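Count the sequence shown with UniProt numbering and you get residues 1 to 247, in order.
Glycine included, every Cβ here is placed at the ideal spot set by N, Cα and C.
Small disclaimer: the values here were computed from a predicted structure and weren't measured.
Structure first, commentary second.
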Amino acid sequence: MVYYEHLARSFAHTQLESGGTFPMTKQDILIIHGTDYKEMAKQILTRADVAALIGDRDKQVALKPNLASANSPSTGATTHPQLLAGTIEYLQEHGFHQISVIEGAWVGDRTDLAARAAGCDKVCRAYNVPFYDLQKDSWKEYDAQGMNIRLCDRAAAADYIINMPVLKGHCQTLITCALKNNKGLLPNMEKRRFHTLGLHRPIAHLNTLIPDSFILVDNICGDLDFEEGRKSRGYEPGAGLPGPGAL
Numbered sequence: 001m002v003y004y005e006h007l008a009r010s011f012a013h014t015q016l017e018s019g020g021t022f023p024m025t026k027q028d029i030l031i032i033h034g035t036d037y038k039e040m041a042k043q044i045l046t047r048a049d050v051a052a053l054i055g056d057r058d059k060q061v062a063l064k065p066n067l068a069s070a071n072s073p074s075t076g077a078t079t080h081p082q083l084l085a086g087t088i089e090y091l092q093e094h095g096f097h098q099i100s101v102i103e104g105a106w107v108g109d110r111t112d113l114a115a116r117a118a119g120c121d122k123v124c125r126a127y128n129v130p131f132y133d134l135q136k137d138s139w140k141e142y143d144a145q146g147m148n149i150r151l152c153d154r155a156a157a158a159d160y161i162i163n164m165p166v167l168k169g170h171c172q173t174l175i176t177c178a179l180k181n182n183k184g185l186l187p188n189m190e191k192r193r194f195h196t197l198g199l200h201r202p203i204a205h206l207n208t209l210i211p212d213s214f215i216l217v218d219n220i221c222g223d224l225d226f227e228e229g230r231k232s233r234g235y236e237p238g239a240g241l242p243g244p245g246a247l
């Protein structure tokens, strides 16, 4: 079963009928519940009419999952591959052909291992979409409204970014989700610097450089206590993901 909710500017909950599109503003949040994660992603994107928001089919659309560490999505640490698959399918079905997946794991882990652990590499191969390891990318320094920030070139070149964070707890910021997920767009040296600065202020400045075009939050089984996972709702080693989830 799938159902929608719309969180309006007043934060009142209104269940939406399935089908059709919803004229979203930046203050609007759509929530979908169910067990078919790929279809849920496609339905949210359809409801928000993301194809119309992007516009030109020749734009470079970058998907930014959370692959901070080499952990399975069942741990509550990384983005579920079926959300990635659903998003790519939606974009390809609507005629977009400049699609890529971009991410850089946190310092101390390897992006390729994180992509493999999360199943992201298989999804990219299945849909013939390139995956770019931003730990190996070049970068430039930009003025982010009063703070100089080094940003990877693949991120800077994107015309439209679909940010795909996992809703998780965090030991320093209490919560990690949409804004903090963009830290994966930085070279490792800049990630280290962000931590020395306390995360909050530099993350705010970073998001003046990379305003997320659309945010698709994975709330299937995110670990609400710790960003590295292993305490996710219903997690058991080797047992896979719990059934019902939300985006």
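Within the same chain, Cβ atoms closer than 7 Å to the Cβ of P187 are found at W139, R150 and C152, the five residues on either side in sequence being excluded. For F194, the enclosing alpha helix (DSSP H) has its first and last residue at N188 to L197.
The C-beta of V217 has 16 or more other C-beta atoms within 10 Å across all chains shown, which makes the residue buried.
Between the alpha carbons of A51 and S100 lies a distance of about 16 Å. Inter-residue distance for I162 and N181 is about 11 Å (C-alpha atoms, whole angstroms). Only exposed fits H195, as fewer than 16 other CB atoms lie within 10 angstroms of its CB.
M164 sits in a strand when the DSSP states are folded into three classes. A distance of 9 Å or more separates the beta carbons of S72 and A41.
Sorting M164, Y90 and G95 by C-alpha distance to the C-alpha of R57 places G95 at the top.
L84 and D28 have their alpha carbons spaced roughly 22 Å apart. Just measuring C-alpha positions, the residue of V166, Y37, Q135 and Y160 sitting nearest G108 is Q135.
DSSP, reduced to helix, strand and coil, places I44 within a helical segment of the structure shown. For H97, the secondary structure class from DSSP, reduced to helix, strand or coil, is coil.
The beta carbons of T111 and L45 sit about 25 Å from each other, so the pair does not count as a contact at 8 Å. Non-local beta-carbon contacts of M24 in its own chain, meaning distances under 6 Å to residues more than five positions away in sequence, involve A48 in chain order. Restricted to the region 100 to 133, the beta strand (DSSP E) segments that are unbroken, complete and at least 3 residues in length are 131 to 133, listed in chain order.
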